[in-house]
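In the numbering used here, the protein residues as written are 1 to 732. Notes follow once the structure below has been shown.
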Amino acid sequence: CVLCGRTDDCPEKYGEKRTYVEYNLTVHYYCLLMSSGIWQRGEEDEGVDGFLITDIRKEVNRAAKLKCNICKKKGASIGCVAPKCKRSYHFPCGLQRECIFQFMENFRSYCWEHRPVQEFKDKEPRGASQCTICLDLVEHLPVYTVLKSPCCKNAWFHRECLQYQALSAGIFFFRCTVCNNKDKFQKEMLRMGIHIPERDASWELEENAYQDLLHCYQHCDVKRCLCKKGRDYNEPDSKWEIKRCQYCGSRGTHLACSSMKSWEQNWECMECRSIFAKSGIYSKRKKRSLATSEKTSGTTCLLEEPPPKSPRQSPGSPRNFLLQSPKIMCQNLSPCSHLELPASNRVTMSLSPMMSSRNCSLSLRNKHLREKRRKVCNILKELKAQVKTKTTRLNINAENIWSSALKGFRQRIFSPTNTIEVNFSNCKNRLKTNTFAASKHYFFQLLMLHLQNSSLFEGSFGKNLSFDFQAVKENLYFEAGKMIAVSLVHGGPYPGFFSKTLFNCLVYGPENVKPALEDVADVDVAQTIKTIKYANNLSSLQSTLQDCSEFLAAAGCLRPVTALCDKNMLVNDILIYHVIKRITLPLESFRQGLKTLGVLEKMQMHPDVFSSILCHKPERLSAEIVCDLFTIHSSSDVDKVEGADFWMGYLQDVESGESAVTLEDILLFVTGSCYVPSIGFDPEPTIKFLHIRYPIGNRLLNCLELPITKTYQQFKNVMELTIRNTLRVERE
């Protein structure tokens with residue numbers, strides 16, 4: 001190398017050694033990068049990666065006059081950047097003497113005396129732990145060869161291990177091996193002299209590296225194959241299409257060979273079936289798909305909630321665990337149906353000082369929630385950048401919302417990154433609008449309401465996941481998570497029904513969550529836990545445990561109790577089993593579904609703001625909220641101020657119940673949605689004051705065109721007449 005004078009060829013230490021015969025030049029890449037007197041003045045394809053040959057010659061001549069402070073030989077091209085420090089050295093000598101070279105910005109170099117160090121708190125333990133890269137022990141010492149993770153409290157690494165990891169992973173995949181943090185981790189490692197190359201990971205650059213993963217099992221394994229063309233014959237979209245086992249994927253069957261009518265039906269091989277049978281959780285009853293059960297008259301839907309007066313029973317109860325309610329008929333649900341009463345049904349009354357204080361506190365809370373939801377809106381807009389203009393059409397039957405939604409989401413052409421268009425069919429209460437946006441808003445509203453009341457969730461207000469083995473087999477928890485993620489990014493409403501416990505399990509992991517008694521939806525189990533918790537002497541506690549010994553044994557909590565204080569640990573164990581461990585499979589499946597479009601990752605990065613839309617009901621529309629949604633535009637010959645006064649006055653009348661329409665009606669008239677989507681409206685709603693007789697709601701542009709009137713009463717009359725009649729025609 002013309003700069004360091006060494007013949008070593010070690011790309012991991014000194015960078016690639018390049019020889020240019022035409023220039024009679026050999027140089028280590030890192031020696032060139034770190035030299036103090038040379039800059040990239042050319043394009044990438046000029047000289048040596050932008051370093052001009054003439055500049056390299058000048059740098060060699062400059063370095064020839066400088067003696068290395070380490071090996072005492074000439075040619076020291078690198079100098080310490082610390083003020084008043086005049087040390088110079090070769091790159092390999094600097095590595096030997098534990099200098100630090102920063103491969104970023106101006107490519108600074110620091111000698112062994114002035115190099116940056118990591119901060120260590122006095123209270124930090126000085127023991128040893130396992131390096132999570134090489135799995136050997138690493139001592140917790142503030143030395144050059146050891147580096148501490150900036151994002152994890154107890155993550156320590158060997159410098160050499162980190163450097164090899166960085167060279168292999170590249171800038172896109174190099175991150176903390178413990179918590180997966182990328183930005184903070186890379187920033188600290190660059191500061192401490194780890195070189196992170198700006199290229200893809202080495203495993204991504206290998207040609208056909210993942211070819212084996214593209215192989216799909218195509219063989220019929222049933223005892224008697226009916227296909228005349230052989231067991232390996234596969235004809236898509238026919239009865240001779242091969243369906244793989246839904247659990248292992250390593251066995252298959254022709255649809256006809258297993259009497260399957262469609263691809264949507266699930267199938268499991270004999271090996272997987274025997275495993276489930278041995279574990280005691282496989283049911284030999286004939287499988288019935290959700291779609292079939294919904295279509296059968298007189299039957300109930302798998303995903304519907306028990307009536308409020310029929311609480312779920314404990315496993316030991318003679319009554320069925322999953323009590324189901326009659327179907328929720330969609331024809332009774334208008335596009336503006338809400339669990340809460342509209343503003344027009346509210347009663348105005350004088351407030352006592354105590355109620356005024358409560359209202360003030362509620363207003364402050366709503367203000368904080370609104371601020372968090374604005375942040376969520378911006379995050380979801382970032383995720384929406386993945387959505388392409390290519391469209392996927394969903395044909396939805398509003399009377400059978402779950403089955404048709406499931407069919408649409410499972411169709412092969414469905415992709416969460418495609419723009420979704422919804423077409424309602426075979427529904428008496430069909431929303432007759434000329435825009436797919438209005439249909440999509442209505443579809444997501446019906447879907448989220450159905451999920452909230454389905455048997456996948458349990459509880460009254462804040463809901464947790466229930467355990468439904470049939471739903472686990474049919475992968476419905478995954479589909480539910482996927483639907484919620486898609487709804488958030490594609491303009492659906494806030495779910496707003498998660499319990500804090502469920503949210504924390506999703507964000508922080510179930511092992512870091514402590515459930516509470518209110519998380520138990522089963523009345524019998526809750527009563528048992530209360531009896532144990534409030535037992536006031538040892539004999540009554542032991543008697544209670546004797547009575548519910550079967551339940552405790554099933555929960556893995558049956559143990560001898562010798563003191564009254566043991567009840568606290570017992571209660572905690574029962575809660576953890578019933579609320580968390582019992583639903584391990586549904587929770588993991590639900591988490592995988594929420595990963596769609598990167599929603600779960602954003603939830604884990606911003607838990608505080610996402611809890612505002614997942615754990616809190618949508619705020620009731622107010623005049624202030626609706627007013628803030630719209631931006632007012634007007635032409636030069638229109639009095640914008642007077643028009644805005646009429647508009648604001650009308651919103652206040654609607655909110656106070658002095659109008660025949662509701663704020664939801666106004667929003668529906670303009671946008672086709674009676675709620676504010678989690679991601680906001682696109683385009684943002686606007687208002688124009690024009691010389692027209694009646695207001696016009698342009699749902700393609702989310703634009704409300706308002707008439708200019710002489711008096712407020714005229715403005716109010718024409719607004720109510722138009723909005724009421726338009727929505728009445730749509731609903732009828």
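Glycine included, C-beta positions come from ideal geometry on N, C-alpha and C. Predicted model only: the values in this text are computed from it and were never measured.
- For residue 548, same chain residues with a beta-carbon under 6 angstroms away, outside a window of 5 residues either side, are 528 in chain order.
- By DSSP's assignment, residue 156 forms a beta bridge with 148.
- In the structure shown, the three-state DSSP call for residue 697 is strand.
- Leaving aside the five residues that flank residue 145 on each side, the residues in its chain whose CB is nearer than 6 angstroms to its CB run, in chain order, 159.
- Taking 8 angstroms as the cut-off, the Cβ atoms of residue 575 and residue 515 count as close.
- Taking a cut-off of 8 angstroms on C-beta distances, the segment 712 to 721 touches the segment 647 to 659, as three or more cross pairs fall below it.
- Residue 118 carries a coil assignment under DSSP once its states are collapsed to helix, strand and coil.
- Within the same chain, 108, 190, 191 and 193 come within 7 angstroms of residue 102 by CB-CB distance, once the 5 residues on both sides are set aside.
- Going by DSSP, residue 17 is part of the beta strand (DSSP E) stretching over 17 to 20.
- Annotation: the continuous alpha helix (DSSP H) that includes residue 500 extends over 500 to 508.
- With a threshold of 16 other beta carbon atoms within 10 Å, residue 85 falls short and is exposed.
- Taken in chain order, no unbroken stretch of beta strand (DSSP E) lies wholly in the segment 167 to 228 with a span of 3 residues or more.
- Between the alpha carbons of residue 198 and residue 88 lies a gap of roughly 28 angstroms.
- DSSP places residue 89 within a strand segment (E or B) once states are collapsed to three.
- Secondary structure note for residue 687: its beta strand (DSSP E) is the uninterrupted segment 686 to 690.
- In the three-state DSSP reduction, residue 495 falls in the coil class, being neither helix nor strand.
- In the three-state scheme derived from DSSP, where H, G and I count as helix and E and B as strand, residue 393 is classed as strand.
- Excluding five sequence positions before and after residue 567, the CB atoms of its chain that fall closer than 8 angstroms to its own CB belong to 532, 533, 535, 541 and 561, given in chain order.
- Uninterrupted alpha helix (DSSP H) stretches at least 4 residues long and entirely within the segment 515 to 547 occur at 523 to 533 and 538 to 547, given in chain order.
- Take the alpha-carbon of residue 141 and the one of residue 98: they are about 15 angstroms apart.
- For residue 588, the enclosing alpha helix (DSSP H) has its first and last residue at 584 to 594.
- A direct Cα-to-Cα measurement between residue 488 and residue 7 gives close to 59 angstroms.
- Judged by beta-carbon spacing, residue 619 lies within the 8 angstroms limit of residue 369, meaning their Cβ atoms are closer than that value.
- Two segments are said to touch when three or more pairs of C-beta atoms, one from each, lie closer than 8 angstroms; by this definition the segment 653 to 673 does not touch the segment 477 to 488.
- Annotation for residue 171: 196 and 198 place their beta carbon closer than 6 angstroms to its own, counting only its chain and skipping 5 residues before and after.
- Sequence-distant Cβ neighbours of residue 131 in its own chain, meaning closer than 8 angstroms and more than five residues away, are 137, 138, 156, 157, 158 and 161.
- About 6 angstroms separates the beta carbon of residue 614 from that of residue 503, a gap short enough to meet the 8 angstroms contact definition.
- Remark: C-beta atoms of residue 163 and residue 133 do not approach each other more closely than 8 angstroms.
- By the Cβ neighbour-count rule, residue 120 is exposed, with fewer than 16 other Cβ atoms within 10 Å of its own.
- Less than 8 angstroms divides the Cβ of residue 254 from the Cβ of residue 226.
- Relative to residue 539, the option among 555, 565, 30 and 94 whose CA is nearest is 565.
- Residue 578 and residue 458 have their C-alpha atoms roughly 12 angstroms apart.
- The Cβ atoms of residue 496 and residue 617 sit closer than 8 angstroms to each other.
- When Cβ pairs closer than 8 angstroms are counted between the two stretches, the segment 651 to 659 is seen not to touch the segment 685 to 693, the count staying below three.
- Per DSSP, residue 664 is not a residue of any beta strand (DSSP E); the alpha helix (DSSP H) it occupies stretches across 663 to 671.
- In this structure, DSSP gives residue 377 a helical state, which the three-state scheme calls helix.
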